[in-house]
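Peer 1:
Chains as they are written, first to last, in my numbering: chain E, 1 to 333; chain H, 1 to 281.
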């Protein structure tokens, strides 16, 4: 969409700077981090290429452990490696990083408060053609329920790189979720990125859109379409689902009085439900959910799947229009 | 180093602690605890270099992981008796606000415990990870672990066994409590383990068999032998035959006391067989 220069607003500041997959952001971040911190070690369950871990392995072969197709073993080995001060990064698909190994994570990592960074690629339907066996849409929910577990879902290549490095700076378990397809890069290396601190990407007065992961760029696209319709949207990049930046949510919704959440995840248990909890406890406004509605995915291209499962740009626009209508009903606080 | 007589006295007191602890809360797992008493006493009072001041990272120390966490009574008693915390704290076992959880945990900060265990099959992987950490740190101390024989039915063990051989984790001595019993009966009936030594050997481990797992001198000798085999490219396992419930006649040799506490009368009978040597908590 081309807009005349004089109309340039915040939403237009986000240009496509390039295209890459968020998993490459992880691979490059891990490589950089490995050079900076000798305690960082990495493990992988037979998916080195998919997780883009080659650069780290080339740089520090002695700090890499190939585990083979044995994810449960990988999680518990990672827990053991922390004893002696190592900071293990585990790499496999999101499905095999969570559901397959939930008990190992629960007992050996979360309950034992081990400094393991669980790095999960190919999350959600945008994994694409491999189909529903591999497209996990429940992982954010599973991981955010574990006491003490941080959950981080960065939005593009650059942010994933920064997040990979940032999660090494605190002591404790963390789930880092990213994806397979090449998507627009729109955040910069010098961005203000802090775990647990939401980024307000565009300022608006009519509606708050809170998104994570691949849905952040889709929200910016939606914001531009809404602008054409005379609706100003405040897009918040909620890259950290846990701990959730409640302050940023409340600040925005007290201005807009309605919210749309957007995520590549089940409606039950994801970002949207975390936001809804804040609304019911602190400040009640109407919310619409852009998320997968109690369904498994299927084979297809990422774009086709996002459309079929209702998590594409047009779904965000429709959700905004719906929530704006609901906004007219006043809710006593 | 304590004499054999002293070690035996410690073992007897540990057995008293075990039956008293489970009796006090009418729950817990005395059978496996009693069966592994000599192993724990040997490790903590003779074999391992360890510091009761407790540091999680254990740089320059030997470390031990209990994978079959339900035998926490023997673990707690030996930790207390070797100075990790006051023996009086054993009285809090399984009670509200205690650091001595039903299954060992790090969450309450109990000194001596480095990982939670109880959900079975994870401890060997954890021990492998800690052994890799020692190698990365150029720390030549060893990692010890204990596993139930029934626990080997959990598939994750075999992932770890494969990994340890492939990656030459030769600073690890795993021990299996080969008592042939599990909750529902004998391992033979519940899920046969088959030719256990052959299985470990086929996966590339050095396999040692100990017939007398309740003879403290035999346990110490076997651990010493295992130690001489470290650093040679292979992980080491000791398949240790024990008598579940050892030391208390009516608990001995049966799975009945896997997870059952004695009543008042049974406690008296048990304690009559176990002389108070170091003073009860």
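No residue lacks a Cβ here, since even glycine has one placed at the ideal position from N, Cα and C.
#1: The beta strand (DSSP E) spanning residue 257 of chain H covers which residue range?
#2: Within its chain, find whatever has a CB closer than 7 Å to the CB of residue 2 of chain E; leave out the 5 residues flanking it on each side and keep chain order.
#3: Please work out which residues of its chain come closer than 6 Å, Cβ to Cβ, to residue 131 of chain H, disregarding the five sequence neighbours upstream and downstream, and give them in chain order.
#4: Which residue wins for smallest C-alpha separation from residue 63 of chain H, given the options H:208, H:3 and H:40?
#5: Show which residues of chain E have a CB atom less than 9 Å away from the CB atom of residue 55 of chain H.
#6: In chain order, what residues of the stretch 67-81 of chain H put their CB closer than 8 Å to some CB of chain E?
#7: In the DSSP output, what is residue 288 of chain E paired with across the bridge?
#8: Which of helix, strand or coil does DSSP assign to residue 6 of chain E?
#9: Report the partner residues of residue 240 of chain H according to the DSSP bridge assignment.
#10: Using the Cα positions of residue 234 of chain H and residue 134 of chain H, report the straight-line distance between them to the nearest angstrom.
#11: Check each candidate in H:159, H:195 and H:248 and name the one with the smallest Cα separation from residue 17 of chain H.
#12: Out of E:96, E:57, E:132 and E:104, which has the shortest C-alpha to C-alpha gap to residue 69 of chain E?
#13: Please confirm if the stretch 258-278 of chain E is in contact with the stretch 306-319 of chain E, defined as three or more CB-CB distances below 8 Å between the two stretches.
#14: Given a limit of 8 Å on CB to CB distance, which residues of the stretch 102-115 of chain H reach chain E?
#15: Taking a Cβ distance cut-off of 7 Å, strictly less, list which residues of the stretch 104-127 of chain E are near chain H, in chain order.
#16: Just to confirm before moving on: does the CB-CB distance between residue 258 of chain E and residue 326 of chain E stay below 9 Å?
#17: Using a Cβ-Cβ cut-off of 9 Å, state whether residue 143 of chain E counts as contacting chain H.
#18: State yes or no: is the C-beta of residue 253 of chain E within less than 9 Å of the C-beta of residue 201 of chain E?
#19: Quick one: is the Cβ of residue 237 of chain H within less than 8 Å of any heavy atom of the ligand COA?
#20: Taking C-beta pairs closer than 9 Å, name the residues in chain E that residue 151 of chain H reaches, listed in chain order.
#21: Can you tell me whether residue 164 of chain H is helix, strand or coil according to DSSP?
#22: For residue 73 of chain E, does the count of other Cβ atoms within 10 angstroms reach 16, so buried, or fall short, so exposed?
#23: Use the C-beta contact count for residue 206 of chain H: other C-beta atoms within 10 angstroms, 16 or more gives buried, fewer gives exposed.
#24: Chain H beta carbons: is any one of them nearer than 9 Å to that of residue 91 of chain E?
#25: Would residue 286 of chain H count as contacting chain E if we go by Cβ distances under 9 Å?
#26: Going straight from the alpha carbon of residue 257 of chain H to that of residue 123 of chain H, what length do you get?
#27: Since residue 167 of chain H contacts residue 65 of chain E with CB under 8 Å, what's their CB separation in whole angstroms?
#28: So, is residue 5 of chain H buried or exposed, given that buried needs 16 or more other C-beta atoms within 10 angstroms?
#29: I'd like to check one pair, residue 47 of chain H with residue 270 of chain H: are the Cβ atoms closer than 9 Å?
#30: What does the alpha-carbon distance come out to for the pair residue 60 of chain H and residue 141 of chain H?
#31: Which runs of the alpha helix (DSSP H), 4 residues or longer, sit entirely within the stretch 21-91 of chain E?
#32: Going by DSSP in three states, residue 278 of chain E sits in which element: helix, strand or coil?
#33: Would you tell me roughly how many angstroms separate the C-alpha atoms of residue 224 of chain E and residue 29 of chain E, rounded to the nearest one?
#34: Quick check on DSSP: helix, strand or coil for residue 1 of chain E?
#35: I want to see whether chain E comes within less than 9 Å of residue 59 of chain H, judged by CB atoms only; does it?
#36: Of all the residues that make up the stretch 74-86 of chain E, which are near chain H by a beta-carbon distance shorter than 7 Å?
Peer 2: Put simply:
#1: That residue, residue 257 of chain H, is in no beta strand (DSSP E); it is neither H nor E in DSSP.
#2: Residue confidence is low: residue 2 of chain E scores 48 on pLDDT, short of 50, so the model does not pin down where it sits. Its coordinate-derived value is still stated next. Here the set comprises nothing.
#3: 143, 169, 171 and 172
#4: H:40
#5: Residues of chain E passing the Cβ test: none, with the nearest at roughly 10 Å.
#6: none
#7: E:260
#8: In this prediction, residue 6 of chain E has a pLDDT of 45, which is less than 50 and means its spatial position is unreliable; what the coordinates show is noted afterwards. Here residue 6 of chain E sits in helix by DSSP.
#9: H:177 and H:210
#10: 16 Å
#11: H:248
#12: E:96
#13: yes
#14: 105, 106, 107, 114 and 115
#15: 104, 107, 108, 111, 112 and 113
#16: yes
#17: no
#18: no
#19: For the structure depicted, the ligand COA is absent and the ligand set is empty, with no information on it obtainable.
#20: Those within 9 Å of residue 151 of chain H in chain E number zero; the least Cβ separation is about 13 Å.
#21: helix
#22: buried
#23: buried
#24: no
#25: No answer is possible for residue 286 of chain H: the residues shown for chain H start at 1 and end at 281.
#26: 23 Å
#27: 7 Å
#28: exposed
#29: no
#30: 6 Å
#31: 22-36, 48-51, 54-59 and 71-81
#32: helix
#33: 31 Å
#34: At residue 1 of chain E, the pLDDT of 43 sits below 50, so the modelled position is not reliable; the number obtained from the coordinates is stated separately. Coil at residue 1 of chain E, not helix or strand.
#35: yes
#36: 76, 77, 78, 79, 80, 81, 83, 84, 85 and 86
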